[in-house]
Amino acid sequence: MKHSSVWTLSALGLVIGLVSVSVAIPTFADGSLMGTHTPTPGMEMSHMDHMATPTMPMDGMDMMGDSGDHMAHGMEPIPADGVPAATQDKGGQPLDFRLEEGVKVFELTAQPVRWNILDDVTVTAWTYNGTVPGPMIRVTEGDRVRMVFTNHLPEPTTIHWHGIEVPNAMDGVPGVTQDPVMPGETFTYEFVAKPAGSFMYHSHFEGDTQVSIGLYAPFIIDPAPPENPPDVDVSLMLSEWRVTNGDTYAAMPMMGMEPNYFTINGKAFPLTETINVKVGQRVRLRLMSIGQFVHPMHLHGMAFKIVATDGHPVPEAAQLTKDTVSVAPGERYDIEFVATEPGQWMFHCHILHHTTNDGADPGGLMLVINVTE
Amino acid sequence: MKHSSVWTLSALGLVIGLVSVSVAIPTFADGSLMGTHTPTPGMEMSHMDHMATPTMPMDGMDMMGDSGDHMAHGMEPIPADGVPAATQDKGGQPLDFRLEEGVKVFELTAQPVRWNILDDVTVTAWTYNGTVPGPMIRVTEGDRVRMVFTNHLPEPTTIHWHGIEVPNAMDGVPGVTQDPVMPGETFTYEFVAKPAGSFMYHSHFEGDTQVSIGLYAPFIIDPAPPENPPDVDVSLMLSEWRVTNGDTYAAMPMMGMEPNYFTINGKAFPLTETINVKVGQRVRLRLMSIGQFVHPMHLHGMAFKIVATDGHPVPEAAQLTKDTVSVAPGERYDIEFVATEPGQWMFHCHILHHTTNDGADPGGLMLVINVTE
Amino acid sequence: MKHSSVWTLSALGLVIGLVSVSVAIPTFADGSLMGTHTPTPGMEMSHMDHMATPTMPMDGMDMMGDSGDHMAHGMEPIPADGVPAATQDKGGQPLDFRLEEGVKVFELTAQPVRWNILDDVTVTAWTYNGTVPGPMIRVTEGDRVRMVFTNHLPEPTTIHWHGIEVPNAMDGVPGVTQDPVMPGETFTYEFVAKPAGSFMYHSHFEGDTQVSIGLYAPFIIDPAPPENPPDVDVSLMLSEWRVTNGDTYAAMPMMGMEPNYFTINGKAFPLTETINVKVGQRVRLRLMSIGQFVHPMHLHGMAFKIVATDGHPVPEAAQLTKDTVSVAPGERYDIEFVATEPGQWMFHCHILHHTTNDGADPGGLMLVINVTE
């Protein structure tokens, strides 16, 4: 299956020109068609497959014995022309909502921005509402929530509510539970938020690319009635980037596409946030891995308990005490500890290559927990 | 240690010509010899080491500063000439046995076949009885079982009964617990099946190659007396393939050998099986990772409990609730959930590159759980 | 940030010549300076960043579209000139101490040695006291311990006491909790050993390189009062090496730097130690992953219980029974089993490429548990 496309992306207006077109509808093993494709009028493009740009910088890969055609998948730079600079500096911040007849209504827009993962390293990110991660949706168990979602990306997309018990039609799988949301289109997701716990939302369209370049965010559902909340409660989304000669690529676990920058909430150390804690405070870190790599996160100086797995509370008798928790893509671990010893305590991935910025050490998947009296 | 060999493989008759010969017997740190090697009369070959074919397509690797000799290991294509097409379409199906004086006797044959992992992608697979995975052996705890095993591969091999408490002589480690089974030879494994749980059998001879290209299968031991069985009970073996220019290679976690196809029970989505479930049914998925990569498997729409680890029941108080379970090579996790919400629910690896077929999205390590009223 | 340096390393005397100099002091997101840098008089060098040697054998990497400058990080061989051969053959052995007014005083020296990971494969290792792993520090909970540490490496370094609850100033993070220990300098670490469990110590300076090439060791704290000890108690540190054309590189999870040798306690099978056990004995293996890769360790013939995670006991009701435990970098798992069946039982990583020596099978991350009557 060959196809390629080019696009010109102006800030919020999209002009898409297709050099060649293919439409692939997935059929399953039993031959049935799982979804229907209703192209936006005047718009034709592959919405279930890969969109390759003509730029393919890795000619040398051919010597690996692979056809340039196949190896090209995922190897083209993410277009940066016309992408505006981010106007906010910090991702994962709580998103305001409006109440409409008891429903909490959130507005989400998928859009490319130029995003600083370090002061001097800027990537082309595809984002929700202009930040990496996108804004945190935080509601209470049992709330009815509505997300009015508009796609201002140059490609189709959908949103999957990772771990939340949604009706099937709200699950965000293109061609299976819904048509993809085409560029310029709006789609409304609505469901009752349950169960309580640490969840995520992210693209489910060509996820190996779209998720890798920023389309993810935290979704926290607080229990009703409220539990005894921790003193410090922070969500940390772990991911990876591939930046080469100033271009952004989707970082993947394959030759030539290995990441060279590693981020927590869209920032690489030393740009990662410092978590400030007073001695005696109980700290909850909600670890969420949304990249393509396992990240064993190591806390200095203090052990922690794993109090929830993928949002679900761990019975106290089954809670493990650890100082390093391996977070695989898609997993979430809520860990808790009481800060006892003052000082600057590192919290970082123990795959030490992930604590570098393109090889420069220290950097990447690392932050400081600053415990003071 | 240098050696190379060529072979001509006709459908089930083997003609092996050795260009040069080396016999390597493993010695341990204390210098003792752990096994003895009794070559088949008239047949000499390396049985404890690597057999390289002269075809080495990756000359470019030399620029990596490595000798072609060392880097060649594992980089030659798996011979496809004369390999017959598979005559069955679905792997992991229960294998019939005959009863001989109270012993359940199974017949197993290792043999290459051409196997479709997608409609248009065919690999050269080394299989048990012609399918990937090989046939499921399913017996009851305490059964005496006998596997009469014949090697119709062009290389020596052995079978390891992964996780089963076998006598040492039945453990299948070449040079340690038995001589390798040479091409054309038959070897009989026999033991009492215990304990109850989800196990596997696979090659233990040059496993980085032989297991990678298909020599694995599920081995289920049901408890005696029977427990309360789930309504739906499915074994899912996770693995990877490297296909380049139509040739099959052993997929490995090394440069140039990274997999580009990812399979569940030997098939890549959309060829993977759909699991049909009625609302209210209890579903057990027995996840078994037999490749070289970690696969965090994510279930949409419903959380599950981990009820067994590596075949061993998890006490109820210690069962974690999750929606993503990271399955590392050699591990098995039995997960259970009750289907509550109708619809097409995806179950897939959350390393999203593993949900592509050579970069084309969606594909690979993904299937549909179809819940109906 | 560009810099390069050359050095000449004589056995224990260091002559360091810098071609160009950069000093990078880490600043955090809030702009504050976390540490101070007091260069050793007469010595100027980068102590928070990477020191590249001029030798860069991988010119071909440029075709990957990356600047040679960035990709060079971590890709230079570890200097071998003038490095003495190791004088001891086995790492991880208990280190003697002297008592000074109730304090257990240990002497540690960081130093390069030429170390055999196989009879015919020698690496340049950076070690504590001349072995890989460095010597085991083994004390009792509540002991006051003092480590007098001298740096005889050609680079700065520090020691992190991984998992131990030390005061912040003893945590070993350069630029945050202490100045780096410059070549030729001595630094004294002192703290009360707690809690009881399986811990490690390792470099925290350019860890992606320094740890990868040998700067790690086990640190065991026995409980007070003593528990019921196992009959056999062995610590196993898992790591990886990259050896190319006889040169040692830091093995990393990136293109061209993937490891080709895999070791347990600094030795690759068949050089790994055999663990001798009598039938009926209770065996504890303390698994410690200190490389950059996950290692799912599979035991043949017997299941085990996970009795401690990262040094912390698992309540009996929460102990999982498994035959394969995935150990991620930085994690430790204490596993226990009672040997019931005599024989030679393999214990190995189930990423089967890790059970090869540069592709030659069997090898690497594998050892034998020899159970006798």
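Chains as they are written, first to last, in this note's numbering: chain A, 1 to 373; chain B, 374 to 746; chain C, 747 to 1119. C-beta: ideal position from N, C-alpha, C; glycine also.
**Study point:** Spatially closest choice to Pro-174 of chain A from A:Ser-239, A:Thr-150 and A:Ser-203, by CA coordinates
**Key:** Looking at A:Ser-239, A:Thr-150 and A:Ser-203, the one whose alpha-carbon comes closest to that of Pro-174 of chain A is A:Ser-203.
Exercise for review: Taking 8 Å as the threshold, find out whether the segment 1069 to 1080 of chain C comes into contact with the segment 340 to 347 of chain A through three or more Cβ pairs.
Suggested key: No contact exists between the segment 1069 to 1080 of chain C and the segment 340 to 347 of chain A.
**Study point:** Backbone secondary structure at Met-610 of chain B - three-state DSSP
**Key:** strand
Review point. For the segment 944 to 955 of chain C, which residues have a CB atom closer than 7 Å to at least one CB atom of chain A, in sequence order?
Key: Glu-952, Gly-953 and Asp-954
Point to revise | Anticipated Cβ contact below 8 Å, Met-448 of chain B with Phe-479 of chain B, distance rounded | key: With a Cβ gap of about 35 Å, Met-448 of chain B and Phe-479 of chain B do not count as contacting.
Review point. Near Gly-876 of chain C, which residues of its chain fall below 7 Å by C-beta distance, leaving aside the five closest residues on each side in sequence?
Key: Ala-832, Thr-833, Gln-834, Gln-857 and Val-859
Check your understanding: How long is the line joining the alpha carbons of Thr-324 of chain A and Gln-692 of chain B, rounded to whole angstroms?
Key -> 21 Å
**Study point:** Stretch-stretch touch, CB-based, cutoff 8 Å, three pairs: the segment 989 to 999 of chain C with the segment 970 to 978 of chain C
**Key:** Contact fails: fewer than three Cβ-Cβ distances are below 8 Å.
Check your understanding: Is it right to say Val-294 of chain A is buried, meaning 16 or more other beta carbons lie within 10 angstroms of its own, or is it exposed?
Key -> buried
Exercise for review: Would you be able to state if there are at least three C-beta pairs under 8 Å between the segment 235 to 242 of chain A and the segment 152 to 166 of chain A?
Suggested key: no
Review point. Does Ser-1072 of chain C get closer than 8 Å to chain B when you measure Cβ to Cβ?
Key: Using a Cβ-Cβ cut-off of 8 Å, Ser-1072 of chain C counts as an interface residue toward chain B, since at least one Cβ of chain B sits closer than that to its own.
Practice item. With DSSP as the reference, label Gln-583 of chain B as helix, strand or coil. Key: In this structure, Gln-583 of chain B counts as helix in the three-state DSSP scheme.
Exercise for review: Along the beta strand (DSSP E) that carries Asn-370 of chain A, what are the first and last residues, could you check?
Suggested key: Residue range 366 to 372 is occupied by the beta strand (DSSP E) that includes Asn-370 of chain A.
Practice item. Measure from the alpha carbon of Asn-370 of chain A to the alpha carbon of each residue in A:Thr-274, A:Pro-180, A:Thr-188 and A:Ala-125, then state which is nearest. Key: Of the listed residues, the one whose Cα sits closest to Asn-370 of chain A is A:Thr-274.
Practice item. Kindly say whether Pro-329 of chain A, judged by its beta-carbon, lies nearer than 8 Å to any beta-carbon of chain B. Key: yes
Review point. Is the beta carbon of Phe-739 of chain C sitting closer than 8 Å to the one on Met-916 of chain C?
Key: Here chain C covers residues 747 to 1119 and nothing more, so residue 739 of chain C does not appear.
Exercise for review: Report the residues of the segment 88 to 101 of chain A with a CB closer than 9 Å to any CB of chain C, ordered along the chain.
Suggested key: none
Exercise for review: Work out the CA separation of Met-252 of chain A and Pro-135 of chain A for me, nearest whole Å.
Suggested key: 24 Å
**Study point:** Contacts that Pro-715 of chain B makes with chain A (C-beta to C-beta distance below 8 Å)
**Key:** Asn-168
Exercise for review: Could you tell me if Arg-396 of chain A is buried or exposed, where buried requires 16 or more neighbouring beta carbons within 10 angstroms of its beta carbon?
Suggested key: Within the shown structure, residues of chain A are numbered from 1 to 373, placing residue 396 of chain A beyond reach of any answer.
Check your understanding: According to a CB-to-CB cut-off of less than 7 Å, which residues of the segment 303 to 325 of chain A neighbour chain B?
Key -> Thr-309, Asp-310, His-312, Val-314, Pro-315, Ala-317 and Ala-318
Check your understanding: Would you say Pro-879 of chain C reaches chain B, if we count a Cβ-Cβ gap shorter than 8 Å as a contact?
Key -> no
Review point. Quick one: which chain C residues come within Cβ less than 9 Å of Glu-538 of chain B?
Key: Gly-1047, Met-1048, Ala-1049, Thr-1086 and Glu-1087
Review point. Is the CB-CB distance between Gly-1026 of chain C and Val-980 of chain C below 8 Å?
Key: no
Review point. Secondary structure at Met-555 of chain B, three-state DSSP: helix, strand or coil?
Key: coil
Practice item. Quick one: grab the DSSP three-state call for Leu-352 of chain A. Key: DSSP, read as helix, strand or coil, puts Leu-352 of chain A in helix.
Practice item. Compute the Euclidean distance between the alpha carbons of Val-912 of chain C and Gly-943 of chain C, then round it to the nearest angstrom. Key: 14 Å
Exercise for review: Would you mind giving the Cβ-Cβ distance between Tyr-947 of chain C and His-908 of chain C, rounded to the nearest angstrom? I have them listed as a contact below 8 Å.
Suggested key: 6 Å
Point to revise | Option nearest Met-182 of chain A by Cα separation, candidates A:Val-368, A:Thr-109 and A:Gly-92 | key: For Met-182 of chain A, the nearest C-alpha among the options comes from A:Thr-109.
Review point. So which residues on chain A does Val-667 of chain B lean against when the C-beta distance must stay under 8 Å?
Key: Val-294 and Ala-328
Review point. Just curious, the beta strand (DSSP E) that Phe-951 of chain C is in, first and last residue?
Key: Note, Phe-951 of chain C: premise wrong, no beta strand (DSSP E); not H, not E.
Review point. The beta strand (DSSP E) spanning Ile-1052 of chain C covers which residue range?
Key: 1050 to 1055
Exercise for review: Measure from the C-beta of Asp-222 of chain A to each C-beta in chain B and report whether the shortest distance is under 8 Å.
Suggested key: So, not an interface residue.
**Study point:** Cβ-heavy atom distance, Asp-81 of chain A to the ligand ZN, below 7 Å
**Key:** The model on display carries no ligand, and the ligand ZN is accordingly not part of it.
Exercise for review: Using a Cβ cut-off of 8 Å, pull out every chain C residue sitting near Trp-345 of chain A, in sequence order please.
Suggested key: Asn-914 and Asp-917
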